[in-house]
Amino acid sequence: MNRDQLQKLVQYLITAHHTEVLPTAQKLADEILSSNSEINQVHGAPDPTAGASIDDDNCWHLDEDQVREQVKQFLSQGGYYGSGKQLNSMFAKVREMLRMRDSNGARMLTLITEQFMADPRLSLWRQQGTGMTDKCRQLWDELGALWVCVVLNPHCKGEAKSGWVKQLKKWSDMDVCPLEDGNYGSELPNITNALPQSHLAQDSLSRPRRTVFSRAVEACSLHWQGSHLQRIISSDYYMSASYHRDQDRLLFNPQGLPLWLDHVPTACARVDALRSHGYSREALRLAVAIINTLRLLQQREMDIYKHQKKELLQRGLTTTTNLEGWVGHPLDPIGCLFATLTETCRVDDDSTMDTGDGEARSPVYQHVPVWGSPDGGESYLTLALEVTLMGMGQQRIMPEGLYAQDKVCRNEEQIVAKLQELELDELLVQTLRKQALQLLEAGPFSGLGEVIHRESVPMHTFTKYLFSALLPHDTDLAYKVALRAMRLPVLESSVGSGDVGHPHHGISIVPSRYPRWFTLGHLESQQCELASTMLTAAKGDMLRLRTVLEAIQKNIHSSSLIYKLAQDAFKIATPADSPADITLLNVALELGLQVMRMTLSTLNWRRREMVRWLVTCATEVGLRALVSILQGWYTLFTPTEATSIVAATVMSHNTILRLSLDYPQREELASCARTLALQCAMKDPQNCALSALTLCEKDHIAFETAYQIVIDAASTGMTYSQLFTIARYMEHRGYPLRSFKLASLAMTHLNLAYNQDTHPAINDVLWACALSHSLGKNELAAIIPLVVKSVHCATVLSDILRRCTMTAPGLAGIPGRRNSGKLMSTDKAPLRQLLDATISAYINTTHSRLTHISPRHYGEFIEFLSKARETFLLAQDGHIQFAQFIDNLKQIYKGKKKLMMLVRERFG
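Take the sequence shown: its letter number 850 is residue 849 in numbering that gives the first Met the number 0, and every next letter is one higher.
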């Protein structure tokens, strides 16, 4: 700065902080003006902005209180209101400080961790035994991974490391410290030990307790001093001139390139640490050595498998060589390698920057040749793709516990999203094909191998990416991979007697944990997505569709998912703007038929919707499909569904129009529907008789047959309400005598007690009596004994009596009958019988009501007696009978003084 600028700086600084700075400024001013002061003895002045000396750690000012307050506040919001985002950006800040090699990075992480450990919810969750929220778990995971990164700093001083170990152990030993796998004692092996044989054999109680900090504690014992490791990370051209198999077996591959044979997630944690501390070139070198090691291991696995292939395929069993899955691993090894390798290949032009509209554009990558690679065709981008495919395709056992399983799914989706950002050029397609073929051939190493362990993590999500990526370049390979991946062995019922392992094939796990697959629903839906993707791609290709269909029928066990696939296929087969694709329509129909068979005997709340959908689908396929489902209805539908939904829809005007059928075709369809209707009526007359009659209306013989089925079933298998409904239908169709017959049969099934004056069948009884009355005296005479036998409710009987005396019988005017036109007398049969029954019903009901009557019902009871009197008076000696009846009451119930007084007042 020049003199004026410096003056301005001082004046503004004093103004901005006048209260704190002014006394110091005055003191300094006095010293500067005094010629023999200390300040004037020294040349120049201190520069606080110049930074430390070249050897010192960078150390910017860190406002510790502010960090504590912020973390505390974000945690108290429980991951809501974007607080999770805020905490993630604080983690990102720590990573940035590490990259700048600012020693405050570790200090800031310590402050954050202290606040996390002080979160009051931890003890609450522990007491209640509930898991923390997913958002929270992810934050803890990131915290643990960051500590691994911090303690693996390649230039970290010994005393700093021992301080961290102490601190991490202290946190780890606290009761509230979250466990690594979310809910249970972990079964993942120790970070520094590649293949401990004992871990999985132990039960979960004897396993050491592993917390989110366990890996960081273990990482403290790793160092960077080994000469082989130092040479790998410090030179692009570290190679072995001649390949010594015995002596240097673990150091170089057959091409003389260096290997790093460490436990894979640990090796990747080193890469992450190098990258995070700003050693990106070194990180790349180590990543390449790891990939060369994995290639060699994959090759070895394939060689071993070739020798045992026959035996493994015969047994139909396999062990798994991988103790821990790399996908969903707390250290995210695959994500770390992908990020390290692609970082070098990113093209950072302005067009890829955030456009400000909230949509971050996908990164653009270019090939950067691998330094020192003997094979000129290799780039860091092809390596990134290769190792990610290798890691995603690794066969691994489903871990225990909801959180660990959920994490596998989440990590898989994150990695696939990254893969989808790669624009596949010729080089990448070559890598993709090569690795896909290797995964198919790799035996137990691969989740796409011919035989897999029963509890292998399914490959559907990963394969859906592989299928779509390979499809434009190698269709056969795309289908081969996808069809291989369709399986979900944990749901297969036939389980081997336990997997017998070979020593060099790692471990074998007894299949006992199913159904502790908490994410099974998600996994099944991913299987369904893969199938749907294949169906869409195979549209129009009969052979491919047939193969995909067989894979679906063999591997998918859930009716609702097969139904979803059937619907998907139907939608794709019938686009709005072009003709339907018959190949795919047939697949939709076949899947639909399978769903019908699967859900026929089980209750399914979507069943009606499924049946309707199937008819729609069959209609789109055409006449033959409809005829086929009508003829084979009993394997697909219940009799009720077959008559009320299937046949009714098929015979509807809309279907006939949609298919534009000629007369013979319409007749064929109608004939099938009628045959179905009669078969259903025989099988389930209660629920199908009416539908059967309706469907057979236009064919005399079929209609007569349906009617006979109803008559035969009426005496045993049908309720009065079903018979009344059919009787009314018959009257409506113009068959009054048949209607009368059915109504009479219905009456024999009915029993109406004295107090059932609101029974739902009352209207049917009144209708049946009205029908008989309208037909004539004989019919009325036939039904009255049935009424008297079935109906004991006085008010209903008096209502029937009143209606029968109002008009002359026989007004229906049946041809060939003569009616006298006279009103009927209650003194003569058949009404005399009805009158007697009504009077005795009133008497019985009166006594029943009086046994438990309360004063508030007295008024209502007097009205009831008035109604009774009206009926008594219809008889010749009715007034005498009623007077005797009242006297009887006064005698028997004289104890009820108040009530008897009311009776006297009204009836004398």
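For glycine and all other residues, C-beta sits at the position ideal for the given N, C-alpha and C.
Just so you know, these numbers come straight off a predicted model, no measurement behind them.
Length of the line joining the Cα atoms of residue i and residue j
| i | j | result |
| --- | --- | --- |
| residue 336 | residue 271 | 8 Å |
| residue 726 | residue 487 | 55 Å |
| residue 330 | residue 445 | 21 Å |
| residue 217 | residue 171 | 12 Å |
| residue 905 | residue 894 | 18 Å |
| residue 657 | residue 618 | 8 Å |
| residue 35 | residue 165 | 52 Å |
| residue 863 | residue 841 | 9 Å |
| residue 881 | residue 872 | 8 Å |
| residue 753 | residue 845 | 10 Å |
| residue 532 | residue 475 | 15 Å |
| residue 269 | residue 382 | 18 Å |
| residue 113 | residue 139 | 12 Å |
| residue 886 | residue 783 | 31 Å |
| residue 322 | residue 261 | 14 Å |
| residue 61 | residue 109 | 12 Å |
| residue 334 | residue 411 | 10 Å |
| residue 338 | residue 461 | 18 Å |
| residue 518 | residue 409 | 11 Å |
Candidates the options, of which the one nearest residue i by Cα
| i | options | result |
| --- | --- | --- |
| residue 571 | 559, 585 and 558 | 585 |
| residue 884 | 904, 561, 838 and 716 | 838 |
| residue 756 | 776, 808, 790 and 562 | 790 |
| residue 764 | 787, 754 and 471 | 787 |
| residue 278 | 382, 302, 669 and 229 | 229 |
| residue 855 | 156, 897, 830 and 822 | 897 |
| residue 180 | 208, 174 and 161 | 208 |
| residue 649 | 662, 629 and 663 | 629 |
| residue 449 | 305, 0, 263 and 518 | 305 |
| residue 118 | 94, 426, 69 and 19 | 69 |
| residue 748 | 720, 761 and 133 | 720 |
| residue 582 | 558, 876, 542 and 605 | 542 |
| residue 254 | 210, 153, 161 and 372 | 372 |
| residue 615 | 161, 587, 632 and 601 | 587 |
| residue 832 | 874, 806, 859 and 868 | 874 |
| residue 368 | 607, 223, 344 and 362 | 344 |
| residue 174 | 143, 231 and 116 | 116 |
| residue 529 | 564, 519 and 224 | 564 |
| residue 266 | 251, 276 and 282 | 282 |
Residue environment, residue i, which counts as buried when at least 16 other CB atoms sit within 10 Å
| i | result |
| --- | --- |
| residue 17 | exposed |
| residue 652 | exposed |
| residue 41 | exposed |
| residue 136 | buried |
| residue 555 | buried |
| residue 341 | buried |
| residue 9 | exposed |
| residue 389 | buried |
| residue 365 | exposed |
| residue 661 | exposed |
| residue 697 | exposed |
| residue 236 | exposed |
| residue 157 | exposed |
| residue 299 | exposed |
| residue 14 | exposed |
| residue 128 | exposed |
| residue 222 | exposed |
TODO: Could you tell me whether the segment 400 to 415 touches the segment 302 to 312, using the rule of 3 or more Cβ pairs below 8 Å?
DONE: no
Open item on the list: Taking contact to mean 3 or more Cβ pairs, one atom from each stretch, closer than 8 Å, check whether the segment 285 to 295 and the segment 114 to 126 are in contact.
Closed with: no
TODO: Indicate whether the contact test is met: 3 or more Cβ pairs, each with one atom in the segment 536 to 554 and one in the segment 434 to 441, closer than 8 Å.
DONE: no
- [ ] Taking 8 Å as the threshold, find out whether the segment 147 to 156 comes into contact with the segment 210 to 225 through three or more Cβ pairs.
- [x] yes
- [ ] Examine the Cβ distances between the segment 531 to 545 and the segment 405 to 423 and report whether three or more of them are shorter than 8 Å.
- [x] no
Task: Three CB pairs or more closer than 8 Å across the segment 686 to 700 and the segment 713 to 732 - done: yes
Open item on the list: Contact between the segment 585 to 601 and the segment 628 to 646 is defined here as three or more beta-carbon pairs at a separation below 8 Å; is this criterion met?
Closed with: Contact holds: three or more Cβ-Cβ distances are below 8 Å.
TODO: Note down, one range per segment and in chain order, each alpha helix (DSSP H) of at least 4 residues found wholly within the segment 585 to 656.
DONE: Restricted to the segment 585 to 656, the alpha helix (DSSP H) segments that are unbroken, complete and at least 4 residues in length are 606 to 620 and 622 to 630, listed in chain order.
Open item on the list: With three or more beta-carbon pairs closer than 8 Å as the criterion, would you say the segment 664 to 671 touches the segment 621 to 632?
Closed with: Touching, yes.
Open item on the list: Please give me, in chain order, every unbroken run of the alpha helix (DSSP H) with length at least 4 that falls completely inside the segment 65 to 136.
Closed with: 82 to 98, 103 to 116 and 120 to 127
TODO: Pick out the complete alpha helix (DSSP H) segments inside the segment 263 to 348, 4 residues or longer, and give them in chain order.
DONE: 263 to 275, 279 to 314 and 332 to 342
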